[in-house]
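So the protein lines, in turn, are chains S, F and C.
Throughout the first sequence, residue numbering follows the numbering used here, covering 182 to 435 in sequence.
Throughout the second sequence, residue numbering follows the numbering used here, covering 717 to 1121 in sequence.
Throughout the third sequence, residue numbering follows the numbering used here, covering 10 to 251 in sequence.
I have placed the structure first, in the form of structure tokens, so that the comments after it can refer back to it.
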Amino acid sequence: MAENLKVSIKNLDVHYGDKQALFNVNLNIMEKEVTSLIGPSGCGKSTLLKCINRMNDLVEICKIRGQILLDSEDINEASQDPVLLRMKIGMVFQKPNPFPKSIYDNVAFGPKLHGMAKSKEELDQIVIQSLSKSGLYEEVKDRLFEPGTGLSGGQQQRLCIARALAVNPQILLMDEPCSALDPIATAKIEDLIAELKQQYTIVIVTHSMQQAARVSDRTAYMHMGELVETGLTKTIFSNPQHEKTQDYITGRIG
Amino acid sequence: MNSVSLRNKKEKRFQMYGMTAVIVAISFLGILLFNIFSTGISAFKQTYVAVNLNIPLDINKSEINPRAELNKSFLKMFPEIQSRTERRAALSLLSKGARYEFEELLDENEGKSIEGYHWFLASADLDMYIKGTVKRQGDTAGRIDENQMKFVDQLESKNLIELQSNKYLLSSADSREPEMAGIRGAIIGSLYSILIAFLVSFPLAVMAAVYLEKIASKNRFSDLIETNINNLAAVPSIVFGLLGLAIFLNFFELPRSAPLVGGLTLALMTLPTIVIAARAAIKSVPPSIEEAAIGMGASKVQTIFGFTLPLAMPGILTGTIIGIAQAIGETAPLLMIGMVAFVVDVPGGPMDASTALPVQIYLWADSPERAFTERTSAAIMVLLTFLILLNLTAIYLRKKLEKKW
Amino acid sequence: MTDYREHIVKSFDEEIANVIHLTTQMATLVEEQYKLLYHVVDTGSPSTTEDILENEPKLDNYDAEIRDAVITLITLRSPVAVDLRDILTSLRISTDLERLGDYAKNIAMRVATLEEIPETHIKNDILRLLNLVQVQLKKVIDAYVSKDIKKAEEVLKNDLEIDKNYNVIYEEIVDLIKGKVTKLRLLTYTKLLFAIKTLERAGDHIGNIAEEIHFIVTGEHIDLKPESKENNLEDALEDSNK
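If you want it as structure tokens, here you go:
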């Protein structure tokens, strides 16, 4: 487990209009680790996740205060380009959302958009590599030009992961990636995460504590917009510091 | 179990009400269509009279006066004619356009002799009698007097009167003589107008919808704009006609009666319809696709043009075609900008004076001549056909594009 | 009892309570065994020894029940943190209790079959040692039931007492053996040595239970067992050369 600091969130307050969603959140995400965000519904974990790649910019009434440092640079500074940021930070969503295009075009979208390949052969390479990294290549190599929406749920999600990996990000954000999938598809994705963390920093929001326990190196517990506790996963689940954390993970509060 | 059977009876009654409503609506539609169809179908045929010609080879065609020659040949078929009245009666059985047909015949047969019977367009009065629209009463029928009737009977007995397909209806522009009147000018005028209306309103409306839905911030001002656009769609079309008159004709001084002006006015009319349809279509694109694109680093504009618009296209196109179909049938605004003029030429381009289908229907409906009645219905049939085709296109496009995702 | 809030799923609470209940009952039965043992050491009564033997299978039963209950809980409920510590250590405690029950049985068997009656002062010393063990046992059971780490720490500290007492009796008997003894007497003394050794072992296991209780409550391991002669080689060598 590397110990370098990748993302540092400092004193983060987030408001949606008048309603405050995050209160003074301080969190460190370490490089090439899996960090999971857990907590009951409405605790702000998805909001926090979306701050990291500035997806909250899309919501007009969202106001952000505080610092989010990626490799020591504040991502919310006026001089920072969100488009470039989203090349460095990929995102996978709760419901698999492949584009209404072919499997090939789905994966090639990012590299084409950012001009990463100089020739068709290069582009082909990138597509094949990304699909291999997400464990999908063998299953789809004979039907790369069929629509991405024709795949099963688990395959679609792996396609979305391949799509995100194609632009060579440093960080992968996953917002409850398995909640729409059956147990076998879920297991495949968890296995994939274990492999991917050797190369990428991963932050995953999950409703399932067991999944957080299985998959992550560090866990952060959130409750009503506050970050209650963060630490090594095995410590959080065997002997947490805060009573609130223990109550949540043992099923004593919702 | 009483309440259950009561409920069943209620259900059955409700079903019956629904059925009745549908039957009544369809009956009205059926009666309307039947009426139009039965009146208009006869317009597709036209009465022709056979004239015995004898034009030898060696006559210099350019020296022939077609009218005189045709009249001569025709009168030859009735050797008993003595007086001028009788002559006029006989000649009036032929259409004024027959001479042009004769000219064409001469041109086609350059260097050949013309022998035997050839068909020529009959007058509208004769046409009405032959078609049965005007009934015979003794020795007259409508505007056909006893003198003419004599000749008509003669021609009929010799099988020299025939109903052939009306080639004037779809190939000529309007004319004072009903037998030569066609809707080609109106069709072309309508097509130009619609084309211009589409070319102007479609991009403007789609861009406006994109801006309002995706780019503008949602505040009181944008709500105000949305309300106003919705209201514009309900504004009576004649108001747009007045607007067109004031702006395009008076201010910009564009040519009156031109399809360009008609098209621009219709564009103003269809703009709100398309904006509303486009907004609904854009709203219905699942945000997950857009989120995915933005998450990949696409800019807002790239997302809109790469994903949102293509996915919204089925809905936008359907709305557009509905708007266009509405516009094709609009008469009031076109009247205001002067496309009501009596135009005998098929317009060569969008700047030439022209008329439009609904206006043509209006003009013909207004005419006292019997022959125009059937033509009005025929024109309505053509207009309805266009509308049906447009709607079928809308359905087809929607089905085809819906499958994509 | 514990002041932890209830689980949302009440049956989870009931199942954990069941494990603790079973463990407590097993401990109570072990207490009973040592009470009977006191009587055996005091009077050598064979019927009491019979009673102790009859209770053995019940202890084995408890052991099996607790093991099954814990495995089922882990499989079906995926317990974490304090819940997991609760039941896993209850499992370990039941092992200690099973050992303690075994020791009571062994000592009873030995005492009941002694060849000769030992000196009164030896018997009284042994009874005193036995009493200490009983006191420790009661204290540790109380500490388990009320999750009282103060009591658990006391138990750990008092283990030193048991060791001291054991050493005293040990020396006494060794002295007696060093003197003139018949073969039968020697056999008796040997059996007694085994018996008091077992009692000292019992004290160790009770100390283990106290450590488990500490772990349940705090989640941390501590080793509060004081240094005894057994762990100090120098001292031991010194003694043997006396």
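Note that CB positions come from ideal geometry on N, CA and C, so glycine has one too.
As the structure is a prediction and not an experimental result, all values here were calculated from the model.
| Item | Value |
| --- | --- |
| Taking all protein chains shown into account, do 16 or more other C-beta atoms lie within 10 angstroms of the C-beta of residue 180 of chain C, making it buried, or fewer, making it exposed? | exposed |
| Please check the pair residue 348 of chain S and residue 423 of chain S, which I expect to be a contact at CB under 8 angstroms, by giving their CB distance rounded to whole angstroms. | Going by Cβ atoms, the distance from residue 348 of chain S to residue 423 of chain S rounds to 38 angstroms, so no, they are not a contact pair. |
| In chain order, what are the residue ranges of uninterrupted beta strand (DSSP E) at least 3 long that sit wholly in the region 988 to 1059 of chain F? | none |
| Compare the C-alpha of residue 38 of chain C against each of C/60, C/131, C/158 and name the closest. | C/60 |
| Residue 161 of chain S CB to nearest chain C CB: under 8 angstroms? | This structure cannot speak to residue 161 of chain S, because chain S is shown only from 182 to 435. |
| If you pair each beta-carbon of the region 910 to 926 of chain F with each one of the region 1083 to 1093 of chain F, do three or more pairs fall below 8 angstroms? | no |
| Using a C-beta to C-beta distance shorter than 7 angstroms, which residues of chain C count as neighbours of residue 204 of chain S? | Ordered by position in chain C, no residue passes the 7 angstroms Cβ test against residue 204 of chain S, which lies about 24 angstroms from the chain. |
| Quick one: is residue 937 of chain F near chain S, going by C-beta distance under 8 angstroms? | no |
| Let me confirm a value: residue 874 of chain F is counted as buried when at least 16 other C-beta atoms fall within 10 Å, else exposed. Which label applies? | exposed |
| For residue 10 of chain C, I'd like the list of residues in its chain whose CB is within less than 6 angstroms of its CB, leaving aside the five on either flank, ordered along the chain. | Because the pLDDT of residue 10 of chain C is 35, which lies under 50, any placement of that residue in the model is unreliable, and the number read from its coordinates should be weighed accordingly. For residue 10 of chain C, where only same-chain residues beyond five positions count, there are no Cβ hits under 6 angstroms. |
| Is residue 1030 of chain F near residue 985 of chain F, with beta carbons less than 8 angstroms apart? | no |
| Closer than 8 angstroms, CB to CB, is residue 913 of chain F near chain S or not? | no |
| Hey, could you find the ends of the alpha helix (DSSP H) residue 741 of chain F is sitting in? | 718 to 756 |
| Going along the chain, which residues of its own chain have a beta-carbon closer than 6 angstroms to the beta-carbon of residue 140 of chain C, five neighbours each way excluded? | none |
| Give a yes or no on whether 8 angstroms exceeds the smallest Cβ distance from residue 237 of chain S to chain C. | no |
| From the DSSP output, in three-state form, read off residue 914 of chain F for me. | helix |
| For the alpha helix (DSSP H) that contains residue 412 of chain S, what are its first and last residues? | Premise fails: residue 412 of chain S lies in the beta strand (DSSP E), 407 to 413, not in any alpha helix (DSSP H). |
| With a threshold of 16 other CB atoms inside 10 Å of the CB of residue 431 of chain S, please say whether the residue is buried or exposed. | buried |
| Use the C-beta contact count for residue 186 of chain S: other C-beta atoms within 10 angstroms, 16 or more gives buried, fewer gives exposed. | exposed |
| Go ahead and label residue 208 of chain C buried or exposed: buried means 16 or more other beta carbons lie within 10 angstroms of its beta carbon, across all protein chains shown. | buried |
| Keeping to the same chain, check which residues put their C-beta closer than 6 angstroms to that of residue 1108 of chain F; ignore five residues upstream and five downstream. | none |
| Give the residues of chain F in contact with residue 290 of chain S, contact being defined as C-beta atoms less than 7 angstroms apart. | 1012 |
| Taking all protein chains shown into account, decide if residue 262 of chain S is buried (16 or more other Cβ within 10 angstroms of its Cβ) or exposed. | exposed |
| Tell me which same chain residues have a C-beta within less than 8 angstroms of the C-beta of residue 957 of chain F, skipping the five on either side of it? | 981, 1048, 1049, 1050, 1051, 1052, 1053 |
| CA-CA distance, residue 168 of chain C and residue 137 of chain C? | 14 angstroms |
| Just mark residue 92 of chain C as buried or exposed, buried being the case when its beta carbon has 16 or more other beta carbons within 10 Å. | buried |
| In the region 784 to 836 of chain F, which residue ranges form an unbroken alpha helix (DSSP H) of at least 4 residues, counting only runs that do not cross its ends? | 800 to 807, 814 to 824 |
| What residues from chain A crowd round residue 934 of chain F, counting only those whose CB sits closer than 8 angstroms? | No chain A is part of this structure, whose protein chains are labelled S, F and C. |
| Comparing the C-beta of residue 348 of chain S with each C-beta of chain F, is any distance below 8 angstroms? | yes |
| Can you say whether residue 18 of chain C is buried or exposed, counting buried as having 16 or more other CB atoms within 10 angstroms of its CB? | exposed |
| By the three-class DSSP mapping on this structure, what secondary structure does residue 183 of chain S have? | Note that residue 183 of chain S scores a pLDDT of 49, beneath 50, so its modelled location is shaky; the value from the coordinates is reported in the next line. Three-state result, residue 183 of chain S: coil. |
| Beta-carbon of residue 326 of chain S versus every beta-carbon of chain F: anything under 8 angstroms? | no |
| Within this structure, are the beta carbons of residue 44 of chain C and residue 119 of chain C separated by less than 8 angstroms? | no |
| Can you name, in chain order, every residue of its own chain whose Cβ lies under 6 angstroms from the Cβ of residue 178 of chain C, other than the five neighbours on each side? | 134, 205 |
| Are any of the Cβ atoms in chain S nearer than 8 angstroms to that of residue 119 of chain C? | no |
| Under a Cβ-count criterion, where at least 16 other Cβ atoms within 10 Å of its own Cβ denotes burial, should residue 965 of chain F be classed as buried or exposed? | buried |
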